[in-house]
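Below you'll find the structure, written out as structure tokens, and then a few comments.
2 protein chains.
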Amino acid sequence: MSVQAQTDQLLQFFKIIGNESRLKVLGLLASDERSVGELAILLGLSEPTISHHLAVLRELDLVAMRVDGNNHIYWLNTTALEALNRNIFSQEQLATLAPEEGGRAWEAKVLRYYLVDGRLRAIPATQKKRQIVLRWLADQFEKGQDLPEAELNKRLKAFHPDVAALRRHLVEFKLMERKSNLYRRL
Amino acid sequence: MSVQAQTDQLLQFFKIIGNESRLKVLGLLASDERSVGELAILLGLSEPTISHHLAVLRELDLVAMRVDGNNHIYWLNTTALEALNRNIFSQEQLATLAPEEGGRAWEAKVLRYYLVDGRLRAIPATQKKRQIVLRWLADQFEKGQDLPEAELNKRLKAFHPDVAALRRHLVEFKLMERKSNLYRRL
DNA sequence: AATCTAATTCGACAGCTGTCAAATTAGATT
DNA sequence: AATCTAATTTGACAGCTGTCGAATTAGATT
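Protein chains in written order, with the working numbering: chain A, 2 to 187; chain X, 2 to 187.
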């Protein structure tokens, strides 16, 4: 089962039992099977409402139904519950629910956010993000290459209008160094 | 802890994690601690939204926070999760979530529903409920007591206008018997 | 001191969801 | 066949909640 599918299933399950009425229905059915009308009276709700909740619970296979005369008798599907009972909340299990692999995804997302059509939407304010973007920017230049300031400005302009800021940051992060009038990619 | 409190706590917990964003936040924090801004980018949500969710999670002690410079770093409170991990969905555990003790409560609720100010709101249509209500009605008469039909009618009228139906049902359920013109409570 | 940054709070809004009354359906009883 | 019963479906609505932009706050940096 894919991670996404697993997330969805778990999420769906929590959503469904994260409702007072449905949780109580499960509670009642845990001790004995019941008809719709009985549940309605016991919970002080209308029959349509109970019927609605039971339909939801049946979709997740948490309850089952049999017809008995005019009555529809519902009971708890204990096996389905037991299956969910094991280690749902262990930290390892939870980690698999992370949208993607947390570590690498972070840098990628930052870049994806700040880069539009190969240009910078802005220079990130926070150090952490700025470093990521600037590192990418530096990678657009060949290592060890020497460039006069005029040439560097011209190429930086393709990424962002504030070329002075970009130059300064590149040096700050030790991605480039300045020697007299020449900039060199480190 | 009272049953009610237990229900509430469990319900609250399910409600809180029954939300895609919050579940994903927990998933991310399961692998590493994160600042608000990081979570916002990783999940593609605004910082206010993330901040809001974190406040909710913190209320349940599912996450903790420390201040680091301008950043607020959140991490998973694993002990709180482990506490919840044990046998939440066992059938016995679930049964304790029933609104009250299922068995006796049923009859009481039916009576409470049909009796308003000592009178019957209606004669229940279903056999099961009708029997409960009629049994209560019969209990309003002394056992072994003999009553002429006129007297019985008079007393039944205090409970419901359709005295003929009540008389018939009382006999049906063998709660009273008719001998010539006399009704006797059995 | 003044500015800047990250986070939070506030206010507003759209979409979802739990609920019920009314209408309908499927089945049992007369 | 006609009636009655329990359940479901439909339609409507109120209340909740997740989301964001704007304003604010607390701290750090200059």
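All C-beta atoms in this analysis are idealised placements derived from N, C-alpha and C, irrespective of residue type, glycine included.
Note that the coordinates shown come from a computational prediction; the quantities given were computed from them, not determined experimentally.
{"query": "DSSP-derived helix/strand/coil call for histidine 53/X", "result": "helix"}
{"query": "Residue range of the unbroken beta strand (DSSP E) whose run includes glutamate 178/X", "result": "177-180"}
{"query": "Arginine 122/X - DSSP class collapsed to helix/strand/coil", "result": "coil"}
{"query": "Start and end residues, alpha helix (DSSP H) containing alanine 166/A", "result": "164-173"}
{"query": "Residues near alanine 126/A by beta carbon distance below 8 Å, same chain, minus five either side", "result": "none"}
{"query": "Beta-bridge pairing of leucine 82/X - partner residues as DSSP gives them", "result": "Per DSSP, none; premise fails for leucine 82/X."}
{"query": "Where glutamate 34/A meets chain X, residues with beta-carbon distance less than 7 Å", "result": "What glutamate 34/A touches in chain X: nothing, since even the nearest Cβ is about 11 Å away."}
{"query": "Interface residues of chain X facing valine 111/A [CB-CB closer than 7 Å]", "result": "Ile42"}
{"query": "Proximal residues to isoleucine 133/X (C-beta, below 7 Å), its chain only, five neighbours per side dropped", "result": "Glu108, Val111, Leu112"}
{"query": "Which of helix, strand or coil DSSP assigns to asparagine 20/X", "result": "coil"}
{"query": "Whole-angstrom C-beta distance between alanine 165/A and isoleucine 124/A, which should lie under 8 Å", "result": "Between alanine 165/A and isoleucine 124/A the Cβ distance is about 11 Å, and since that is not below 8 Å, they are no contact."}
{"query": "Nonlocal neighbours in the same chain, by C-beta distance under 6 Å from aspartate 62/A, ignoring five residues either side", "result": "Asn78, Ala81"}
{"query": "Any chain A beta carbon closer than 8 Å to phenylalanine 142/X", "result": "no"}
{"query": "Cβ-based neighbour list, valine 64/A, same chain, cut-off 7 Å, excluding 5 preceding and 5 following", "result": "Leu30, Leu55, Leu58, Tyr75, Trp76, Leu77, Asn78"}
{"query": "Beta-carbon spacing of arginine 186/X, alanine 139/X below 8 Å", "result": "yes"}
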